[in-house]
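Residue numbers (full-length UniProt numbering): 1 to 161.
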């Protein structure tokens, strides 16, 4: 069920699992997301992360899901026992701010069988922090990622279902 406050068109409700044929489209989304982060002073990803090897592995393991028409948004969903982890949520810059990221998170919450959904983001990623707070996620941990220590703290948010 779609939240009435979301500006996303009903046609955006499509969701499908990514396949190997989608690798180039996902890598294009990664490049677009990195540009958005640079423009918004978000220090979360590096030149080498995420990379094609990581994305290919996620696809091969059936973890990447597209949302909406035209391959304009995707997220990696990892379910471990009773926890659902969301990673690398990306929305094409041309439709950023239209509510698709919120819809994606709401959809995962609706579909998962886990009792908790978790997202980790950098402290500079104010749009994601705002979205998670608005969706009633709570900060539960702060950490420094060894390979990205120059970016400062990352914050883990959880929502119990």
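Note that beta-carbon positions come from the ideal geometry of N, C-alpha and C, so glycine has one too. Nothing here was measured: the structure is a model prediction, and the numbers come from that model.
Residue i versus residue j - alpha carbon distance
i: residue 11; j: residue 142; result: Residue placement at residue 11 is flagged as unreliable, the pLDDT there being 47, under the threshold of 50; a coordinate-derived value is accordingly withheld.
i: residue 126; j: residue 19; result: 31 Å
i: residue 151; j: residue 101; result: 23 Å
i: residue 39; j: residue 46; result: 14 Å
i: residue 106; j: residue 57; result: 25 Å
i: residue 98; j: residue 146; result: 34 Å
i: residue 122; j: residue 90; result: 15 Å
Test item: CB-CB of residue i and residue j under 9 Å
i: residue 161; j: residue 116; result: yes
i: residue 42; j: residue 124; result: yes
i: residue 87; j: residue 75; result: yes
i: residue 131; j: residue 159; result: no
i: residue 22; j: residue 66; result: yes
Spatial neighbours of residue i in its chain, beta-carbon cut-off 8 Å, leaving aside the 5 residues before and after
i: residue 156; result: 118, 119, 120, 139, 140, 141, 142, 143
i: residue 50; result: 30, 88
i: residue 54; result: none
i: residue 52; result: 23, 27
Candidates the options: closest to residue i by CA position
i: residue 137; options: 74, 109, 152; result: 109
i: residue 26; options: 59, 35, 14; result: 59
i: residue 128; options: 149, 154, 112, 147; result: 154
i: residue 80; options: 106, 113, 104, 65; result: 113
i: residue 149; options: 16, 97, 57, 44; result: 44
i: residue 71; options: 107, 16, 35; result: 16
i: residue 48; options: 34, 98, 103; result: 34
Whole-number beta carbon distance between residue j and residue i, since they are thought to touch under 8 Å
i: residue 32; j: residue 92; result: 6 Å
i: residue 73; j: residue 37; result: Residue 73 to residue 37, Cβ: 15 Å. No contact.
Spatial neighbours of residue i in its chain, beta-carbon cut-off 6 Å, leaving aside the 5 residues before and after
i: residue 2; result: Residue placement at residue 2 cannot be trusted, given a pLDDT of 40 that sits under 50; what the coordinates show is reported in the next sentence. So the list is empty, once near-sequence residues are dropped.
i: residue 95; result: 72
i: residue 85; result: 78, 118
Close Cβ partners of residue i (< 7 Å) along its chain, the five nearest in sequence each way excluded
i: residue 8; result: For residue 8, the predicted structure reports a pLDDT of 46, less than 50, and the residue's modelled location is therefore unreliable. A value from the coordinates is still provided. Closer than 7 Å at the Cβ level, and outside the excluded window around residue 8, lie 98, 99, 100, 103.
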